[in-house]
Amino acid sequence: RAALRDMDAGDRGDAFKPAPHAQALENQPRAVRQRQSAGVGAGIGDGSGRLFCLPLRSAREPFGALCLRMAPGAELPEDGIWVDEVTQLGFAARLAYPVYKPRTFLSPGYQDNLGWGYATALGAQHARLDVPVLSINGDGGFMYTANELATAVRHRIPLTAVVFADGFFGNVRRIQEELYGNRQIAVDLANPDFVKFAESFGAVGRRAHGPEGLRTALRESFARREPTLIEVPVGAFPSPWEFIHMPRVRG
Numbered sequence: 006r007a008a009l010r011d012m013d014a015g016d017r018g019d020a021f022k023p024a025p026h027a028q029a030l031e032n033q034p035r036a037v038r039q040r041q042s043a044g045v046g047a048g049i050g051d052g053s054g055r056l057f058c059l060p061l062r063s064a065r066e067p068f069g070a071l072c073l074r075m076a077p078g079a080e081l082p083e084d085g086i087w088v089d090e091v092t093q094l095g096f097a098a099r100l101a102y103p104v105y106k107p108r109t110f111l112s113p114g115y116q117d118n119l120g121w122g123y124a125t126a127l128g129a130q131h132a133r134l135d136v137p138v139l140s141i142n143g144d145g146g147f148m149y150t151a152n153e154l155a156t157a158v159r160h161r162i163p164l165t166a167v168v169f170a171d172g173f174f175g176n177v178r179r180i181q182e183e184l185y186g187n188r189q190i191a192v193d194l195a196n197p198d199f200v201k202f203a204e205s206f207g208a209v210g211r212r213a214h215g216p217e218g219l220r221t222a223l224r225e226s227f228a229r230r231e232p233t234l235i236e237v238p239v240g241a242f243p244s245p246w247e248f249i250h251m252p253r254v255r256g
């Protein structure tokens, strides 16, 4: 059975208050803490709780810190809206990105409807012009609805979008490398120059390198409040799946 209870704001109490990062880690299930103590999936904050890394170990190489991809959260205010995509950052954000208010984290979950992100973020920003909305994309997913930059400019929707560009459908490419003897098909992308692409619509185009460069570009974009596309060139990323596929906790 499922029991439903109507609650107003006065009923919510402390249950809806975000816990400090250290407390949140302590409250995680024992199996998760065991993996963290083994060096698999420890969350690290920058003191503000908004910049997170996920150092993970993989069979091939260290996962490395996802600070580069999580840096956007350090500039988005707590009432800002994060819209992710089917991309490596999206997978990491669902595990580690701290969310403080309802309806500020929009995600396709694991339905993997690639390409949903930018158009969805446009709708969110148009509906909530009072807060910044951040659209997080890989280059492959962004190109599904990249033409909607015209909508952003035409209707003056001040959405900020970040495109992490490696030139591939990176997750699929890695799977083909590791599981299919590096027999690759349909994973290479023919990308535009994303800065010039944005500018051709009349939007602001930027290119950022590294976490600090990205944070600077985001601060400027949120202050400017114009349609903006920020390209972040990146290389190949190792697999996140060993952390997403958690071990059995019973049986």
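The opening position of the sequence shown corresponds to residue 6 in the numbering used here, with each subsequent residue numbered one higher. In this text, a Cβ means the ideal position worked out from N, Cα and C, and glycines have one as well. Please read all numbers here as calculations on a predicted model, not as lab measurements.
If you keep only unbroken beta strand (DSSP E) runs of at least 3 residues inside the segment 159–225, you get 165–170 and 209–212. By DSSP's assignment, E236 forms a beta bridge with V168 and R212.
By the CB criterion at 8 Å, V192 and F169 fall outside the cutoff.
Taking a C-beta distance under 8 Å as the contact criterion, P216 and P137 do not qualify as a contact pair.
Judged by DSSP in its simplified three-state form, G145 adopts helix. I86 has V138 as its beta-bridge partners, per DSSP.
Taken atom to atom, the span from the alpha-carbon of R211 to that of V239 is near 15 Å. A direct Cα-to-Cα measurement between N176 and G146 gives close to 12 Å. Membership of F96 in the alpha helix (DSSP H) is indicated by the continuous run Q93 to A101. In the three-state reduction of the DSSP assignment, L111 falls in the strand class, which pools E and B. With at least 16 other beta carbons inside 10 angstroms of its own, Y123 counts as buried. Its Cα nearest to that of T92, the residue S140 stands out among D135, S140 and T109.
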